[in-house]
Each structure stands twice: as structure tokens, then as C-alpha cells.
Amino acid sequence: MRQFVTDWEPRGIELENKALIAVGTTNRNTLIIAGPGAGKTEMLAQRASFLLETGACAAPKRILAISFKRDAAQNLRERVALRCSAEQSRYFDSRTYSGWAKGLLDRFRLALPAEYRPTEDYVISRDLGHPEVFRNRLLGLAGRAGVQGQQINNLTEIKLKGIFSEKILGQIAIPTNDFVSDLRPTLTRCWWNSVLHSQKRSTLDFSMIEVLAELLLRANPQLVAALRAAYCFVFLDEFQDTTYSQYRLLETAFKGSSSILTAVGDHKQRIMTWAGAYDKVFDEFTVSFNAEELRLVKNHRSAPRLVEIQGHFIKAFDPQSPMPIATDSGQEGEGECRVLTFTDHKAEAAYLAYSIDNWIKQEAIKPTEICVLVRQTKEGYVSELCSQLEKKKVRCRIQDEFQNLLTEPLTMAVVDAFKLCAKAQSPQNWNSLLSLVFRLRGVSNTDESTQKARKVAAEQTTFIKHLRSKMNVANTEEDVHSMIVSLLTFIDKVAFCKIHEQYLQTSFLDGVAKECAKALADARRKAINWDAALDDFIGVDTLPIMTIHKSKGLEYHTVVFVGLEDYSFFGYGKGNAVEENCNFFVAFSRAKKRVMFTFADFRPSGRDNRMQAQQREGVSNLYRLMQGAGVTIEKIDTKLLLHQVS
Numbered sequence: 008m009r010q011f012v013t014d015w016e017p018r019g020i021e022l023e024n025k026a027l028i029a030v031g032t033t034n035r036n037t038l039i040i041a042g043p044g045a046g047k048t049e050m051l052a053q054r055a056s057f058l059l060e061t062g063a064c065a066a067p068k069r070i071l072a073i074s075f076k077r078d079a080a081q082n083l084r085e086r087v088a089l090r091c092s093a094e095q096s097r098y099f100d101s102r103t104y105s106g107w108a109k110g111l112l113d114r115f116r117l118a119l120p121a122e123y124r125p126t127e128d129y130v131i132s133r134d135l136g137h138p139e140v141f142r143n144r145l146l147g148l149a150g151r152a153g154v155q156g157q158q159i160n161n162l163t164e165i166k167l168k169g170i171f172s173e174k175i176l177g178q179i180a181i182p183t184n185d186f187v188s189d190l191r192p193t194l195t196r197c198w199w200n201s202v203l204h205s206q207k208r209s210t211l212d213f214s215m216i217e218v219l220a221e222l223l224l225r226a227n228p229q230l231v232a233a234l235r236a237a238y239c240f241v242f243l244d245e246f247q248d249t250t251y252s253q254y255r256l257l258e259t260a261f262k263g264s265s266s267i268l269t270a271v272g273d274h275k276q277r278i279m280t281w282a283g284a285y286d287k288v289f290d291e292f293t294v295s296f297n298a299e300e301l302r303l304v305k306n307h308r309s310a311p312r313l314v315e316i317q318g319h320f321i322k323a324f325d326p327q328s329p330m331p332i333a334t335d336s337g338q339e340g341e342g343e344c345r346v347l348t349f350t351d352h353k354a355e356a357a358y359l360a361y362s363i364d365n366w367i368k369q370e371a372i373k374p375t376e377i378c379v380l381v382r383q384t385k386e387g388y389v390s391e392l393c394s395q396l397e398k399k400k401v402r403c404r405i406q407d408e409f410q411n412l413l414t415e416p417l418t419m420a421v422v423d424a425f426k427l428c429a430k431a432q433s434p435q436n437w438n439s440l441l442s443l444v445f446r447l448r449g450v451s452n453t454d455e456s457t458q459k460a461r462k463v464a465a466e467q468t469t470f471i472k473h474l475r476s477k478m479n480v481a482n483t484e485e486d487v488h489s490m491i492v493s494l495l496t497f498i499d500k501v502a503f504c505k506i507h508e509q510y511l512q513t514s515f516l517d518g519v520a521k522e523c524a525k526a527l528a529d530a531r532r533k534a535i536n537w538d539a540a541l542d543d544f545i546g547v548d549t550l551p552i553m554t555i556h557k558s559k560g561l562e563y564h565t566v567v568f569v570g571l572e573d574y575s576f577f578g579y580g581k582g583n584a585v586e587e588n589c590n591f592f593v594a595f596s597r598a599k600k601r602v603m604f605t606f607a608d609f610r611p612s613g614r615d616n617r618m619q620a621q622q623r624e625g626v627s628n629l630y631r632l633m634q635g636a637g638v639t640i641e642k643i644d645t646k647l648l649l650h651q652v653s
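Here the sequence shown stands for residues 8 to 653, numbered as in my numbering.
What follows is the structure in C-alpha cells.
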């Protein structure tokens, strides 16, 4: 039987009935199936507000929210901070699986069995699980593991991925009889011994960190008990992207506990199977946690016409799902979907640049409200478009490389401090940095008038003057890095790392500082002053170009997808139609008012980037579905185009 507190109402959004049920439940695990625009993140923020404000989660109890991406974790954290007091928000921890696991490992590393204990200063590698990197490391271990090199060379890419995910990650220290039955357990142990103990510093990737965190909990029941005592409520965002290793960590931490779990996800947005997303995670969660399933149907994001077209795809991709209902009345437009074909990538780029420039100038749409999506950020898809946009003085950049860095807590503190140095008045940055310093010094935001608070504020004023003097002569990456080190000294590096557990391993913090210094120094070299450099760094008035995977959880007024072609959606030809359908659906559903897809008869592609004819046989079903929804495929006349853009 569900329990509710009735004298509380959500603020800022009208939630549908089932979302209200999910927000107010205090004694039942729940799986919420919610499509794009359903307000999943907002619903979780409202649930946090409900639990904290009504006392259902009262201090010292905490809420743990786990997201798949860092920007999603940051977004949820900010939404809760807007709705709750600073004191209440302290009891809301929003992290990624990787960040949570890394914090556990760094804090309790010595509690691991010696065989699986990494060095304190372990190195994080992002390619250990890459098939060819994995193959080469296995070949180096073949002799001592009693495996012939030819056996390893004969493994396909798919087989290598399977071994890494199922055996290296999935069966740590547990013998198995599958595949090379008498050899794999030995090979597994050799692998872990190699990455952990063969060199002065261990080498791990984030998936291996998650596995070690799960082993840590399994080996230390008292740590599990402490986690369960601390977190009485757990949120799981973008649950469809959860990997098997992450799900095992979740089960070990909370299965059978009194903690109440709320998982939110969507089958139709499962686009991370290439990265190990566990395809049975919804079913497993429902059974293991005895979770009730709720389905949300309202779409708060997209215009009515776009929601209608989405319905055609949902009916084809996931017939069991209910059809979405648009909450947008259409008063500001029914929405627009176009499919455009061009003779080549240059005509495509010229037309798109012309259109984007018009949207910005004639429709007053901000560049940050327009997103160019590609499946792969390769030359043939974005370089010509970037050149054409530059001619029209429209700033753009490939956002993928900045996305993670900009959501780092250190980066946000650096931006606040540097903005205060670069601008005479910047109250938002002042308050943001001061709130951080208050937290690190144990000053409550409600005590701003106290002597201690005034003292801390005065110290911040003095520090900013000092940092400004350094900024005035900062010309190199080394200069910028020195400023970041000064900031860490002022705010208290040790205290900062304690509240952001991913930084407990100081080499990781140092890496973020260096990455941030390089990006800021690059921006400063191109800008007229530091204020402009900081705007460039954070993407002010800059049109983002990104891959579908990086766009998850984001929304834009207008979305342009470049290259609805077989070469982009190569998975259709490899039997991965379900994931490719999800990729397309995610791209389509980022748009609030307008979505546009393009096809070029010829564009540079392949490893040598030569001009090649593009096909749309593999993606033909997507074209048919759009035509079935009433979308016309338009052939853009090159001669008319040249007249338009001249």
C-alpha cells in the first residue's frame, strides 16, 4: 500500500497523475517509463523537494541520485537547489555511476582484498576495453595464462567485447566454464593482476572502477549497512543506459534494504548498448526490487505536430507503449519537420548556414537554442558547415569535447572566480562562489549577517583582487594553471575534495585542472579580453554541434540532423536495427519546435575522406515512416539555392 503526504504541491510544472503518484510515494520502489519530454528530470527534482520539505527524508538521512551523464547529474542538482533551501539541498547527492563508484573506491580502497587493490594514485584510461587495445594486452598475457596467441588473434571484435564485459568485468574472481573453459579464469586473473600490480601505478577504466566498487561492497557488509543507513531514498535517471556492472553495484548496495528506489527511463531511448547498456535492466529491477511500473504519456517539450510524428515512430518501434500527448497547445506554432536532400555536402552546408543565419536574425532564436546533430563528428559532416557559418559570423563549436569539462565542479568554481576577475559586476558568480566557500568553511547561507560570514566574504574580496592581478599578466597555459592552483588554495583543496568524492584521488583533480587551464588558455588566445574568452569557453552565443549520444537529456528550439544516410547509421547493416531506431528517435525528440534532416548525394566519407556516393537503403524505413506521417522529402534545387544564399 502506497503512503502519501497530502499537504504538499509541486511548483513550476503541472504533473500528470502518475507522475504525482511517483513524486509522493514514500514506501514503494517504482519504475517509471517516460518518453522524451515527459519531464523525467523535473519529476525527480520535485520528488526530492517533496521528500526534503515534508520531512519524509529528514536529516541526517540523505537522497542519492545517480545519472548516466555528468551534465544530467549537474542539471538535477541545480533544479533541486532552486526548489529547496540551501540547508535541505545539502542532503541531496547527485552523481554519476562512475563518480559514485570512484568515490567509494578512493575512500575505502584499503578495504579491498589485496589481489584486487589498486595503487592510491592509479591512472584512469579510457581505452582499456577497446577491442584492439584489449586484444594487444591479452596477447602480452597469453604465455603466463597458458593461452596460445593464435586463439586470441582469432577472436572477433564482438567476441572480444563479450569477454571484456562478461568475464573481465562480470565475473571478477569467479571461475566460469564458458568459452576456452579451462583457460579463461586464469586469463581473467592475469588481466587484473597486470592492470593492478604489474607497474608502479595501477591502470583502470571507469567500468573496472565500478566493478571494484561492487567487490568492495560485497567484501565489506558493514560498508553496505552504512550506505543503506545514509541513503533512505535513491533516484536512478536514464535507467535504460545502466550497464550490467553498474546494475550489480546497485543491487549489492540496496537490494533487500529499506531504501526506496525510483528508476526512470525509456526503452525507446536505449542508445548505449554499444557501451554495455544492460538490455534486461528494466525486467531485472522490477523483479529484484519488487518495483511497481508507472507509464507517463504527456510530452511537455515538443510542439503538437512533432509529437504526432513521434507517435508514428513509437507505434513502429515499441507498439506496447502508449501514444504521447502534447501539452503544447500549438498557439506558437504546430511545429515543423522537414527532410531535405542535396546534390553534395557543399550545397547542404550553404543552405543550412543560410537557414540558421535567418533563424537567428529573422526569428530571434538564440544560437544556443539551435543544435546541429551528427552521428559522427567527422570532416564530411561538419567542417564545410562550420566554414559556411563562420562566413556569416555565426559562432559554432563541436560541443562533445567541452560537455564533460564544463560540468566538473572545479570548472564551475574556476568560471565563477575568473568572471569576478574579468567583470566589474557579476553578482551571480559572486554568490555562487561565496556559497561554495561558505559550505567549505562551515558557514550557513542563512547566517550571512554573522561576523564569521562577513569575514569569509571579505576574504573572498581580497582573494579576487589578488587573482585579478595574476589574470592581468596571464598569457600562457602555465599562467592559467597557476591561477587555478591559487583558487584551490583559497577555497581549501582538501575540503573541496571531501565534498566532491571524484577528487579524492588528487591526480584526477590535477588532470581536470590541467584540462581546464588548456581550454581557457586556448580561448584567451582567440579573444579580445578575458571576459570574451570565458564566454567562448562556456559557449555563450555559440551554436552547439554534437553527436546523438551527447545530446541525451538536452532540448533545443530547432534541431538539424546532418546526414540521414547509411554511412551514418551503419548499424542497420550490422543487425543493430533496434539501437539505430533508438538513435534516430533520440535525435528527433530533442526538438521543441523544428526538426530538419538532410541527405547529400555525395559527401567526403570513409577513412580517406574521399567524395563518395551516399545511400539510404539501410535507413529507408525511417524515410518511409516519415512519409507515412505526412512529411515530404524535398529535393533542394542547387541553382535556386545559389540564388538564395548569394
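Built from N, CA and C at the ideal position, the CB exists for glycine as well.
As the crow flies, the alpha-carbon of leucine 417 is around 31 angstroms from that of alanine 232. Residue nearest to alanine 80 within the set Arg116, Asp244 and Thr126 is Asp244 (criterion: CA-CA distance).
In this structure, lysine 430 keeps its C-beta atom at 8 angstroms or more from the C-beta atom of aspartate 273. Taking a cut-off of 8 angstroms on C-beta distances, the stretch 289–297 touches the stretch 262–271, as three or more cross pairs fall below it. DSSP, reduced to helix, strand and coil, places serine 439 within a helical segment of the structure shown.
Looking at the backbone, the Cα of phenylalanine 606 and that of glutamate 397 are separated by about 22 angstroms. Secondary structure at phenylalanine 246: helix, using DSSP grouped into helix, strand and coil.
Looking at Phe242, Phe115, Leu112 and Ile131, the one whose alpha-carbon comes closest to that of isoleucine 39 is Phe242.
By the neighbour-count criterion, in which 16 or more other beta carbons inside 10 Å mark a residue as buried, serine 627 falls on the exposed side. In the structure shown, valine 379 falls within a strand segment according to DSSP collapsed to helix, strand and coil. Bounds of the alpha helix (DSSP H) holding phenylalanine 320 are 311–324.
The beta carbons of isoleucine 377 and leucine 550 sit closer together than 8 angstroms. Under the three-state reduction of DSSP, aspartate 351 is assigned to strand. For glutamate 508, the closest of Gly582, Leu112 and Asp78 by C-alpha to C-alpha distance is Leu112.
In terms of Cβ geometry, threonine 348 and isoleucine 643 form a close pair [threshold 8 angstroms]. For threonine 513, the enclosing alpha helix (DSSP H) starts and ends at 513–533.
Remark: C-beta atoms of cysteine 64 and isoleucine 73 do not approach each other more closely than 8 angstroms. Here proline 120 is exposed, its C-beta having fewer than 16 other C-beta atoms within 10 Å. In the three-state reduction of the DSSP assignment, histidine 564 falls in the strand class. Comparing alpha carbon positions, the residue from Gly44, Gly62 and Leu443 closest to lysine 500 is Leu443.
The continuous stretches of beta strand (DSSP E) do not include lysine 472, which lies in the alpha helix (DSSP H) extending over residues 458–478. Considering only Arg308, Phe604, Asn588 and Val401, the residue with the shortest C-alpha distance to valine 566 is Phe604. Bounds of the beta strand (DSSP E) holding aspartate 608 are 598–612. In the displayed model, lysine 373 falls within coil according to three-state DSSP, outside both helix and strand. Annotated three-state conformation of glutamine 81 is helix, per DSSP. Ranked by Cα distance from alanine 460, the first of Leu447, Val492 and Arg617 is Leu447. Rounded to whole angstroms, the Cβ separation of tyrosine 238 and serine 172 is 27 angstroms, and the two are not in contact under 8 angstroms. Given a length threshold of 4 residues, each whole run of the alpha helix (DSSP H) inside the stretch 209–240 is given here in chain order: 213–226 and 228–237.
Residue environment for valine 480: exposed (fewer than 16 other C-beta atoms within 10 angstroms of its C-beta).
As DSSP reads the structure, serine 74 sits in a beta bridge with Thr103. Within the stretch 19–61, the complete alpha helix (DSSP H) segments at least 4 residues long are 24–31 and 47–61, listed from N- to C-terminus.
Put simply, the backbone Cα of isoleucine 471 is about 21 angstroms away from that of lysine 521. Within its own chain, the residues whose Cβ lies closer than 6 angstroms to the Cβ of serine 612, once the five positions on either side in sequence are excluded, are Gly387, Tyr574 and Gln619, listed in chain order.
For lysine 47 and cysteine 504, the gap between their C-alpha atoms comes out near 30 angstroms.
Per DSSP, reduced to three states, the secondary structure at cysteine 393 is helical. Remark: C-beta atoms of valine 401 and isoleucine 363 approach each other more closely than 8 angstroms.
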